[in-house]
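Dropping the structure here:
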C-alpha cells in the first residue's frame, strides 16, 4: 500500500512542530511565523495567567522576511516591546 500512496499523492500528515515559549516579564511568548510565498510573516502569541485565568493575545504582523529564524527573532523583539509598552492591558 505504501507504493500506491506515494504514486497517488497520499501522504501521512506532518506533525505540528512544537513551539517552545520564551518567558519575558511573566508572559510566555510563542514565535510562530507563517510561511507565505517563500517568505515568513511575523506571527505568534503572548500568554499570561492573570487571576487564575490564562489570557492570550495573538497577532499577525504585515512584516515579511526571507528567513524563518529572522521572522521569529523579530517577533520576539516586537512582543517584548509590546509587553513593555502595554503591560497586562494587551489582554483586554
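In the working numbering, the protein residues as written are 770 to 861.
Note that the Cβ used here is the ideal one computed from N, Cα and C, for glycine as well.
Please confirm whether residue i and residue j have their CB atoms less than 7 angstroms apart.
i	j	result
residue 815	residue 858	no
residue 809	residue 840	yes
residue 846	residue 802	no
Can you list, in chain order, the residues of its chain with a C-beta nearer than 6 angstroms to that of residue i? Leave out the 5 residues immediately preceding and following it.
i	result
residue 843	811
residue 827	814
Using a Cβ-Cβ cutoff of less than 8 angstroms, which residues in the same chain neighbour residue i once the five nearest sequence positions on both sides are dropped?
i	result
residue 823	816, 817
residue 821	none
residue 830	810, 811, 812, 844, 847
Taking residue i and residue j to be in contact with their CB atoms under 8 angstroms, please state how far apart those CB atoms are, rounded to whole angstroms.
i	j	result
residue 805	residue 833	7 angstroms
Less than 7 angstroms between C-beta atoms, sequence neighbours within five positions excluded: which residues of the same chain meet that for residue i?
i	result
residue 794	852
Inset, instruction - For the stretch 798-848, list the alpha helix (DSSP H) runs that are entirely contained and at least 4 residues long, ordered along the chain. - result: none
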